[in-house]
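Visitor: One point on numbering: in the numbering used here, the residue at position 195 of the sequence shown is 215, and numbering is uninterrupted. Glycine included, C-beta positions come from ideal geometry on N, C-alpha and C. The model shown is predicted, which means the values in this text are computed figures rather than measured ones.
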Amino acid sequence: MLVDLEGASGVVDNDEQARPGSALYQEARDYLLSDVNAAIEGAEAGGAEEVIIFDMHYFGLNLNLAKVSSKTRVVMGKPRKIYPLLREVYKEINGFMMVGFHAMAQTEGSLLPHTYDHSIKSLRLNQVLMGEIGMEAAIAGFYGIPLVLVTGDSKGVEEARNLLGNIPTVTVKQAINQHSALCLPLAKSREEIRKKAKEGAESITRIKPFNLDPPYTIEVEFFQPVKVQKMIKLTGVEQVDDLVVRAQGEDLPLLWEKFIGFCQDYD
Ligand SMILES: [Zn+2]
Numbered sequence: 021m022l023v024d025l026e027g028a029s030g031v032v033d034n035d036e037q038a039r040p041g042s043a044l045y046q047e048a049r050d051y052l053l054s055d056v057n058a059a060i061e062g063a064e065a066g067g068a069e070e071v072i073i074f075d076m077h078y079f080g081l082n083l084n085l086a087k088v089s090s091k092t093r094v095v096m097g098k099p100r101k102i103y104p105l106l107r108e109v110y111k112e113i114n115g116f117m118m119v120g121f122h123a124m125a126q127t128e129g130s131l132l133p134h135t136y137d138h139s140i141k142s143l144r145l146n147q148v149l150m151g152e153i154g155m156e157a158a159i160a161g162f163y164g165i166p167l168v169l170v171t172g173d174s175k176g177v178e179e180a181r182n183l184l185g186n187i188p189t190v191t192v193k194q195a196i197n198q199h200s201a202l203c204l205p206l207a208k209s210r211e212e213i214r215k216k217a218k219e220g221a222e223s224i225t226r227i228k229p230f231n232l233d234p235p236y237t238i239e240v241e242f243f244q245p246v247k248v249q250k251m252i253k254l255t256g257v258e259q260v261d262d263l264v265v266r267a268q269g270e271d272l273p274l275l276w277e278k279f280i281g282f283c284q285d286y287d
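As structure tokens, this is what we get:
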């Protein structure tokens, strides 16, 4: 299960809620925990024997272990080199879920949209425009693993469905604009997530992995040319124009990890 905070129930603001240390961050963590536990419960009800969680938000320290459901293991912290572990995990699992996700950068009318790093304006994989949902689905698809649940705001869910078809989803909040949404109360989103997660776990053999053909070409457009100058220092990354770079490889998870790891280095 991949977890992010921007698409959790009730979270609408980065400065006040989503950023660790912000005034309402602790409350936002509780909202996320409620969504995550509902998804775990649903997954277990649908036959999951164990859930392994990767927390992708900021430092990867958003889940309170004391309150996470049992039959779960959680990656605490956000290792730069996640690939060796990821490869092992993807070999062990049969399906994956995305809880608390959001639309890609530049999505009109969406809530807290971004594509991994805030410097990224758009991301194309094999010429298909996608955000975090698409990229993570493609990485799992590389290992033959289907995405069986997406929860998030209305625009994030819409993006998932446009790309992946009729998979189980839960809209926990209707995006109004970048910083506001019409939200379900926790009790209601918990109920919905539990139901859809169960359906997702039960549909593991029915839902097809999102599998793109190699070689994999990643094309990223940045908001600032300075980022391009940085990225082309990475072996295998070529400049397309002032704002766009491209990289190609046969192993998508490895390629993406190298790219995004370098991209997110703070400077
Ligand atoms: Zn995100």
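(1) According to DSSP, simplified to helix, strand and coil, what is Lys278?
(2) Could you tell me how far apart the beta carbons of Ser209 and Asp50 are, in whole angstroms, since I believe they sit closer than 8 angstroms?
(3) Whole angstroms is fine: what's the gap from Pro235's alpha carbon to Leu85's?
(4) Considering only residues of the same chain and omitting the five flanking positions on each side of Val148, which have a CB-CB separation below 8 angstroms?
(5) Helix, strand or coil, according to DSSP, for Asp75 in the structure here?
(6) Can you tell me where the alpha helix (DSSP H) with Lys238 in it begins and where it stops?
(7) Could you tell me whether the Cβ atoms of Val168 and Thr191 are closer together than 7 angstroms?
(8) In angstroms with no decimal places, state the Cα-to-Cα distance between Met21 and Ile196.
(9) Are Ala221 and Ala58 closer than 7 angstroms when you measure CB to CB?
(10) Just the C-alpha distance for Arg107 and Leu44, rounded to the nearest angstrom, thanks.
(11) So Asn197 is in the beta strand (DSSP E); what residue range does that whole segment cover?
(12) Going by beta carbon distance, what residues of the same chain come within less than 8 angstroms of Thr127, once the five residues before and after it are set aside?
(13) Quick one: what does DSSP say Asp287 is sitting in, helix, strand or coil?
Guide: Straight from the coordinates:
(1) For the purposes of this step, residue 278 is identified with residue 258 of the sequence shown, where counting begins at 1. Note: Lys278 maps to helix in three-state DSSP.
(2) Along the sequence shown, read from residue 1 onward, the residue named residue 209 stands at position 189. Along the sequence shown, read from residue 1 onward, the residue named residue 50 stands at position 30. Wrong, their Cβ atoms sit about 13 angstroms apart, outside the cutoff.
(3) By one-based count along the sequence shown, residue 235 stands at place 215. By one-based count along the sequence shown, residue 85 stands at place 65. C-alpha separation (whole angstroms): 39 angstroms.
(4) The residue given as residue 148 occupies position 128 in the sequence shown. Gly154, Leu183, Leu232, listed in sequence order.
(5) The sequence position of residue 75 within the sequence shown is 55, counting from 1. Strand, per DSSP.
(6) Residue 238 sits at position 218 when you count from the first residue of the sequence shown. The question names Lys, yet the displayed sequence has Ile at residue 238. Careful: Ile238 lies outside any alpha helix (DSSP H), inside the beta strand (DSSP E) at 236-242.
(7) Along the sequence shown, one-based indexing puts residue 168 at 148. Along the sequence shown, one-based indexing puts residue 191 at 171. Cβ atoms of Val168 and Thr191: not closer than 7 angstroms.
(8) Start at 1 with the first residue of the sequence shown, and residue 21 comes out as number 1. Start at 1 with the first residue of the sequence shown, and residue 196 comes out as number 176. Their Cα atoms are separated by approximately 27 angstroms.
(9) The count along the sequence shown starts at 1 and reaches residue 221 at position 201. The count along the sequence shown starts at 1 and reaches residue 58 at position 38. In this structure, Ala58 does not lie closer than 7 angstroms to Ala221 by Cβ.
(10) Mapped onto the sequence shown, residue 107 falls at position 87. Mapped onto the sequence shown, residue 44 falls at position 24. C-alpha separation (whole angstroms): 35 angstroms.
(11) As a working note, residue 197 is residue 177 in the sequence shown. First-last of the beta strand (DSSP E) with Asn197: 189-197.
(12) The residue you call residue 127 lines up with position 107 of the sequence shown. Around Thr127: Pro133, Gly151, Lys175, Glu179.
(13) Indexing the sequence shown from 1 puts residue 287 at position 267. With a pLDDT of only 42 at Asp287, under the threshold of 50, the placement of this residue in the model should not be trusted; the figure read from the coordinates follows. In the structure shown, Asp287 sits in coil (DSSP, three-state: anything other than H, G, I, E or B).
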